[in-house]
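Undergrad: Using our numbering, the letters of the sequence shown map in sequence onto residues 35 to 166. All C-beta atoms, glycine included, are put in the ideal place defined by N, C-alpha and C. Note that the structure is a prediction, hence the values are computed from the model and not measured.
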Amino acid sequence: RVANEYGWLENLPRSPIPVAYIWGLLDPVNPVRIANHVWATYLNDRPVESSLWYMPTAGHYPQRDEPEEMANIVRLALTGQVPSRDEEGAFLRTLGRRSSPASGIFVGHSDIEDMVFPGAVEYTPSGYIIPR
35 RVANEYGWLE
45 NLPRSPIPVA
55 YIWGLLDPVN
65 PVRIANHVWA
75 TYLNDRPVES
85 SLWYMPTAGH
95 YPQRDEPEEM
105 ANIVRLALTG
115 QVPSRDEEGA
125 FLRTLGRRSS
135 PASGIFVGHS
145 DIEDMVFPGA
155 VEYTPSGYII
165 PR
């Protein structure tokens, strides 16, 4: 498990797949600082949308602890209802009006940026690409 830990993390910034990153705040195994680190290091600056959610009454297995709320968050993400920055205020007001103590907390979404690393060596399945 430890041997593969960083491989999947390092691939997250390059993934073309949007991510709804959901973390149970009562997780006894991995504290929220790990979620913050993964978000800041691997998910915040991507070319595709990512959203960060905390579940205040869920632990290490939020899908087991709060299945309905987990489904609500996944449904929002899959149907494209995570707001843009311009729509965030209205979204949070609506979310707040219908929330319960178990409701997920929308923390925010990624800063979508084109990332350019001049001089960076890129690895592909067919070998290294060295910029000239």
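May I ask you to report which of helix, strand or coil DSSP gives A54?
TA: Within the sequence shown, the letter at position 20 stands for residue 54. Reduced to three states, the DSSP call for A54 is strand.
Undergrad: Y40 and S84: beta carbons closer than 9 Å?
TA: Taking the sequence shown and counting its residues from 1, the one referred to as residue 40 is at position 6. Taking the sequence shown and counting its residues from 1, the one referred to as residue 84 is at position 50. No, the Cβ-Cβ distance between Y40 and S84 is not below 9 Å.
Undergrad: Counting only the same chain and skipping the five closest in sequence on each side, list residues whose C-beta sits under 6 Å from that of D99.
TA: Against the sequence shown, residue 99 aligns to sequence position 65. Closer than 6 Å at the Cβ level, and outside the excluded window around D99, lie A92, G93.
Undergrad: Assess contact between the segment 102-115 and the segment 68-81, defined as three or more Cβ pairs (one per stretch) separated by less than 8 Å. Is contact present?
TA: no
Undergrad: Using the C-alpha atoms, what's the distance from R131 back to T75?
TA: Numbered from its first residue, the sequence shown carries residue 75 at position 41. Numbered from its first residue, the sequence shown carries residue 131 at position 97. Each residue's alpha carbon lies about 32 Å from the other.
Undergrad: Less than 9 Å between the C-beta atoms of W42 and W87, yes or no?
TA: As a position in the sequence shown, residue 42 is number 8, starting the count at 1. As a position in the sequence shown, residue 87 is number 53, starting the count at 1. Not in contact: W42 and W87 (Cβ atoms no closer than 9 Å).
Undergrad: Determine the extent of the beta strand (DSSP E) in which L86 is found, giving its start and end residues.
TA: Here residue 86 corresponds to residue number 52 of the sequence shown, with the count starting at 1. 84-89 is the extent of the beta strand (DSSP E) around L86.
Undergrad: Less than 9 Å between the C-beta atoms of P117 and D79, yes or no?
TA: Residue mapping note: residue 117 aligns to position 83 of the sequence shown, counting from 1. Residue mapping note: residue 79 aligns to position 45 of the sequence shown, counting from 1. Result no, Cβ atoms of P117 and D79 do not sit closer than 9 Å.
Undergrad: Which residues bound the alpha helix (DSSP H) around T128?
TA: Translated into the one-based positions of the sequence shown, residue 128 becomes position 94. 122-131 is the span of the alpha helix (DSSP H), which, as asked, contains T128.
Undergrad: Quick check on DSSP: helix, strand or coil for V116?
TA: Residue mapping note: residue 116 aligns to position 82 of the sequence shown, counting from 1. Reduced to three states, the DSSP call for V116 is coil.
Undergrad: Just to confirm before moving on: does the CB-CB distance between P90 and L59 stay below 9 Å?
TA: Working through the sequence shown from its first residue, we reach residue 90 at position 56. Working through the sequence shown from its first residue, we reach residue 59 at position 25. Going by C-beta atoms, P90 is nearer than 9 Å to L59.
Undergrad: Using three-state DSSP, classify D99 as helix, strand or coil.
TA: Start at 1 with the first residue of the sequence shown, and residue 99 comes out as number 65. The three-state secondary structure of D99, taken from DSSP, is helix.
Undergrad: Please report the straight-line C-alpha distance between L77 and V53, rounded to a whole angstrom.
TA: In the sequence shown, counting from the first residue as 1, residue 77 sits at position 43. In the sequence shown, counting from the first residue as 1, residue 53 sits at position 19. L77 and V53: Cα-Cα distance of roughly 8 Å.
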